[in-house]
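Okay, structure first, notes after.
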Amino acid sequence: MKLINVTNSHSRLVRNQLENTDAEMVKVYTAGNTTVIFTAAPTHDEIVIVNKKRNLLDKEIQEIQAFFFKKMTTKPAPEFVTIIRENGLVEISIQKPMSNVSAS
Numbered sequence: 034m035k036l037i038n039v040t041n042s043h044s045r046l047v048r049n050q051l052e053n054t055d056a057e058m059v060k061v062y063t064a065g066n067t068t069v070i071f072t073a074a075p076t077h078d079e080i081v082i083v084n085k086k087r088n089l090l091d092k093e094i095q096e097i098q099a100f101f102f103k104k105m106t107t108k109p110a111p112e113f114v115t116i117i118r119e120n121g122l123v124e125i126s127i128q129k130p131m132s133n134v135s136a137s
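For the sequence shown, my numbering assigns the number 34 to the initial residue and increments by one for each residue that follows.
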């Protein structure tokens with residue numbers, strides 16, 4: 034599965050996420066009918082995977098998760114990763130350890 038960065042084509046979504054959430058960075062990727070939204074915030078990262086035509090396969094979810102985990106400086110421990118599955122939607126939430134969160 035090849036993810037293509039299409040963030041520039043989703044400027045309204047990115048702007049809304051940055052204005053209305055604690056997100057510091059939002060990137061949008063596509064792989065055919067599957068859209069992936071990656072959001073980085075001070076206390077957590079989110080990976081949202083959406084396919085409006087069919088449910089996502091476990092293999093697809095694992096490949097996308099591996100793609101983003103490779104980009105992280107340290108691989109998150111399993112106890113910090115939560116996966117929520119619905120029809121055609123998967124949300125992967127990665128809590129950042131408190132030592133990685135800077136004090137405001």
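We treat Cβ as the ideally placed atom computed from N, Cα and C, and that holds for glycine.
For residue i and residue j, I'd like the C-alpha separation in whole angstroms.
{"i": "Ala-73", "j": "Val-39", "result": "17 Å"}
{"i": "Thr-106", "j": "Lys-129", "result": "12 Å"}
{"i": "Lys-60", "j": "Ile-70", "result": "6 Å"}
{"i": "Pro-109", "j": "Asn-84", "result": "25 Å"}
{"i": "Leu-89", "j": "Glu-57", "result": "27 Å"}
{"i": "Val-123", "j": "Ala-64", "result": "15 Å"}
Taking all protein chains shown into account, decide if residue i is buried (16 or more other Cβ within 10 angstroms of its Cβ) or exposed.
{"i": "Thr-115", "result": "exposed"}
{"i": "Ile-117", "result": "exposed"}
{"i": "Gln-50", "result": "buried"}
{"i": "Ser-137", "result": "Summary for Ser-137: the model assigns pLDDT 47, below 50, so the residue's position carries little reliability; its value from the coordinates is reported in the next sentence. Flag for Ser-137 reads exposed."}
According to DSSP, residue i sits in a beta bridge with which residue or residues?
{"i": "Asp-78", "result": "Ala-73, Ile-127"}
{"i": "Asn-38", "result": "Tyr-62"}
{"i": "Val-120", "result": "According to the sequence shown, residue 120 is Asn rather than Val. None; Asn-120 has no bridge partner."}
Check whether the segment 73-82 and the segment 90-104 are in contact - that is, three or more C-beta pairs closer than 8 Å.
yes
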